[in-house]
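**Q**
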RNA sequence: CGGGAAGUGGCCUAGUUCGGCUAAGGCGCCUGCUUUGGGAGCAGGAGAUCGAGAGUUCGAAUCUCUCCUUCCCGACCA
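Numbering (our numbering), first residue to last: 1147 to 1714.
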């Protein structure tokens, strides 16, 4: 490709509203342009990177026996009604009507469609299968952000495993796990597999692949000593046992005028770790109390996962007063109506002599023995891990890092195959519901994650495997015949050797060419100028280190080929 | 959806507080000359319904109202 013919609108300044490194650099480098919130145009450079990422994913999927499909992006309402997700997906699904008034939805993922195709499988002999596609997904995200990191329209590789039983699912899941690790290695992403919540997908278990980055949207709990890693939505920790001093035989009500916070109550003499914090939640319309220790934080996702609730929100002040009789700040779970479910965090199990709100403004209880005085419906893990708490495996203090979700794999089970009636006959002639897994990687998001983690003050530093071009031949003086002739020959030889080369034949100043090539992050640069050519020399610069070596014209092609092939 | 910020040539900004000449500057773009190994210099030039609509006023980028859009935090989210 000749730069003089290539559309690369580089910018000296990033748009004012860009914050994330990848967003700024992908826009400045002429890779992407925003059309509107959450929708980006891929410019030629961006599309090259995107497709190189996609090809790596495709390659690894094929290596585990995946078969590539391409399914429609627009789906009939009936299909999503069959799985129940027409209802449960809520506002996140784009929905529209065709001219005849038939309702359709834009696919957010393709479990239903693949399951419907799986109806044509009849025998266990056909299993297992791994089916995948790289297709555009549409999600009406409430808040698109950070350039390509969170968008409403994006290409995703989604694959689905079809097995006769759960042992088969485990094997397919492990294949994907390994394939994903290889993909991230080839993308030069340091992705941590972590235990994750399965959210709206349902299913028996899931693993997220997380890339640490300040632009990420998830928190990952990580042990610096052992291999423990978990999404904060799933993470647990070991905490010090609190020994309670003996309390009274029955709770005592005491006046706490004006005290509305844990902190204020602590100043009044009740340590936060000896308080019960009562959160009034509404789960699918039902009032539920979530009780955690005063110094702990409730994790809503844990609550949702445990209860399986679809709609979950804090109660409004009016609802709180209606059901508990007091305002937030004086709430407690002692003596509440028996029809209210009380979920308590396990860290409170066995605790006594606790302080909590009395459901009467300005009054609290002390001396509460939780097992004696509170009708706990279920002991569960509700609390959010904090940094510095101890690793559940090795007791080392934990750290929490922001991370980008680069991939997510699920053991789905039979939710979709059951709903759509996808089953096969086993060796005994018995009907078996197909056991499914689903596995996703967002292509554009991975591209952004790479940009996020491969940049310096000059711009992007793409890994060779996904760089828009592998080598740029920078011509210092295009009207110097010897220089241009030598550059053209090097360029042609590189192309002939299968190197993805670009020749910067623009009539521009050296500084502009250098700055542009560094901004767009081409891994290697061959600089050809009259100064060196008269001595038979060119320069070879490695973007990552910015080290430059003088190389004889006769050797430069081999030098570049070696560098590229080693890094691929 | 709650909170905050912002919309001025392709990009970055000034101007808005306290209304007043033809809306200013930098980058980029076009032409010419010079320059030619790190985003050049000089000269000339094109390019803006100041997010949209309504209103107040002799006069609106500036004040008022409504709407739209975008960004950030939270909620939400495979």
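We treat Cβ as the ideally placed atom computed from N, Cα and C, and that holds for glycine.
Nearest CA to the CA of residue 1451: which residue from 1466, 1527, 1390?
**A** Residue 1451 sits at position 305 when you count from the first residue of the first chain. Nearest of 1466, 1527, 1390 to residue 1451, Cα basis: 1527.
**Q** Among 1709, 1552, 1578, which one has its Cα closest to the Cα of residue 1329?
**A** Position 183 of the first chain, counted from the start, is the residue given in the question as residue 1329. Looking at the Cα atoms, 1552 is the closest of the given residues.
**Q** Using the DSSP secondary-structure output, state which residues sit across from residue 1527 in a beta bridge.
**A** Sequence index remark: in the first chain, residue 1527 carries index 381 (1-based). Its beta-bridge partners do not exist; DSSP assigns none.
**Q** Along the chain, where does the alpha helix (DSSP H) that runs through residue 1318 open and close?
**A** Here the question's residue 1318 lines up with position 172 in the first chain. 1312-1332 is the span of the alpha helix (DSSP H), which, as asked, contains residue 1318.
**Q** Quick test of the definition: if touching needs 3 or more C-beta pairs under 8 angstroms, does the segment 1396-1404 touch the segment 1363-1383?
**A** Result no; under three Cβ-Cβ pairs closer than 8 angstroms.
**Q** Please confirm whether residue 1493 and residue 1442 have their CB atoms less than 9 angstroms apart.
**A** As a first step, residue 1493 is located in the first chain; it is residue number 347 there, counting from the start. As a first step, residue 1442 is located in the first chain; it is residue number 296 there, counting from the start. Yes, they are a contact pair.
**Q** Out of 1606, 1213, 1258, 1184, point me to the one whose CA is closest to residue 1219's CA.
**A** As a working note, residue 1219 is residue 73 in the first chain. Looking at the Cα atoms, 1258 is the closest of the given residues.
**Q** If you reduce the DSSP assignment to three classes, tell me which class residue 1248 lands in.
**A** To locate residue 1248, count along the first chain from 1; it is residue 102. Three-state DSSP puts residue 1248 in coil, outside helix and strand.
**Q** Can the beta-carbon of residue 1398 be found closer than 9 angstroms to that of residue 1548?
**A** What you label residue 1398 is simply residue 252 of the first chain in a count that begins at 1. What you label residue 1548 is simply residue 402 of the first chain in a count that begins at 1. Going by C-beta atoms, residue 1398 is not nearer than 9 angstroms to residue 1548.
**Q** So which of 1336, 1216, 1541, 1340 has the shortest CA-CA distance to residue 1253?
**A** Taking the first chain and counting its residues from 1, the one referred to as residue 1253 is at position 107. The shortest Cα separation from residue 1253 among 1336, 1216, 1541, 1340 belongs to 1216.
**Q** Kindly indicate which residue of 1714, 1315, 1522 has the alpha-carbon position closest to the one of residue 1491.
**A** Reading the first chain from its first residue, position 345 is the one you call residue 1491. It is 1522.
**Q** How many whole angstroms separate the CB atoms of residue 1568 and residue 1261, which I take to be in contact at a CB cut-off of 8 angstroms?
**A** Numbered from its first residue, the first chain carries residue 1568 at position 422. Numbered from its first residue, the first chain carries residue 1261 at position 115. Contact flag correct, Cβ pair sits at about 5 angstroms.
**Q** Could you name each continuous beta strand (DSSP E) segment of 3 residues or more that falls completely within the segment 1224-1281, going from the start of the chain to the end?
**A** For the segment 1224-1281, whole beta strand (DSSP E) runs of length 3 or above, ordered along the chain, are 1241-1243, 1249-1252.
**Q** Taking the alpha helix (DSSP H) that residue 1442 falls in, what are its first and last residues?
**A** By 1-based counting over the first chain, the position of residue 1442 is 296. Neither: residue 1442 is in no alpha helix (DSSP H) and is coded neither H nor E.
**Q** Check this for me: beta carbons of residue 1460 and residue 1428, under 9 angstroms apart or not?
**A** As a working note, residue 1460 is residue 314 in the first chain. As a working note, residue 1428 is residue 282 in the first chain. Yes. Within cutoff.
**Q** Quick one: what's residue 1222 bridged to in DSSP?
**A** Position 76 of the first chain holds residue 1222. Its beta-bridge partners are 1250.
**Q** Roughly how many whole angstroms lie between the Cα atoms of residue 1647 and residue 1596?
**A** Residue 1647 sits at position 501 when you count from the first residue of the first chain. Residue 1596 sits at position 450 when you count from the first residue of the first chain. Taking the straight line from one Cα to the other gives about 21 angstroms.
**Q** Pairing CB atoms from the segment 1572-1587 with CB atoms from the segment 1650-1665, are three or more of them under 8 angstroms?
**A** No contact exists between the segment 1572-1587 and the segment 1650-1665.
**Q** When we look at the beta-carbon of residue 1292 and count the other beta-carbons within 10 Å, is it buried (16 or more) or exposed?
**A** Locating residue 1292 in the first chain gives position 146, counting from the first residue. Per the 10 Å Cβ criterion, buried.
**Q** CB-CB under 7 angstroms to residue 1436, same chain, minus the five flanking residues each way: which ones, in chain order?
**A** The residue given as residue 1436 occupies position 290 in the first chain. Closer than 7 angstroms at Cβ, skipping near neighbours: 1425, 1427, 1444, 1449, 1489, 1528.
**Q** Where do the ends of the alpha helix (DSSP H) carrying residue 1664 lie?
**A** As a position in the first chain, residue 1664 is number 518, starting the count at 1. Start and end: 1656-1666.
**Q** Near residue 1161, what residues of its chain come up, given a Cβ to Cβ distance below 7 angstroms and the 5 sequence neighbours on each side ignored?
**A** Taking the first residue of the first chain as position 1, residue 1161 is located at position 15. Once the five neighbours on either side are set aside, the close Cβ partners of residue 1161 are 1173.
**Q** Let's see if you can read the secondary structure: which residues bound the alpha helix (DSSP H) around residue 1205?
**A** Position 59 of the first chain, counted from the first residue, corresponds to residue 1205. Note, residue 1205: alpha helix (DSSP H), 1190-1209.
**Q** Do residue 1316 and residue 1255 have their C-beta atoms closer together than 9 angstroms?
**A** Translated into positions along the first chain, residue 1316 becomes position 170. Translated into positions along the first chain, residue 1255 becomes position 109. For residue 1316 and residue 1255, no; Cβs fall outside 9 angstroms.
**Q** How far does the alpha helix (DSSP H) with residue 1365 in it reach, from first residue to last?
**A** Numbered from 1 along the first chain, position 219 holds the residue referred to as residue 1365. Per DSSP, residue 1365 belongs to no alpha helix (DSSP H); it is in the beta strand (DSSP E), 1364-1368.
**Q** Can you tell which of 1297, 1283, 1282 has the C-alpha that lies nearest to the C-alpha of residue 1289?
**A** In the first chain, residue 1289 corresponds to position 143, counting from 1. Here the closest residue by C-alpha is 1297.
**Q** From 1534, 1564, 1586, pick the residue whose C-alpha is nearest to that of residue 1577; which is it?
**A** Residue mapping note: residue 1577 aligns to position 431 of the first chain, counting from 1. Ranking the options by Cα distance to residue 1577, first place goes to 1564.
**Q** Would you list, in sequence order, the uninterrupted alpha helix (DSSP H) runs of no fewer than 4 residues that lie entirely inside the segment 1582-1625?
**A** If we require 4 residues or more, the alpha helix (DSSP H) runs fully inside the segment 1582-1625 come out as 1589-1599.
**Q** Quick one: what's got a C-beta closer than 8 angstroms to residue 1541's C-beta in the same chain, skipping five residues either side?
**A** In the first chain, residue 1541 corresponds to position 395, counting from 1. Once the five neighbours on either side are set aside, the close Cβ partners of residue 1541 are 1384.
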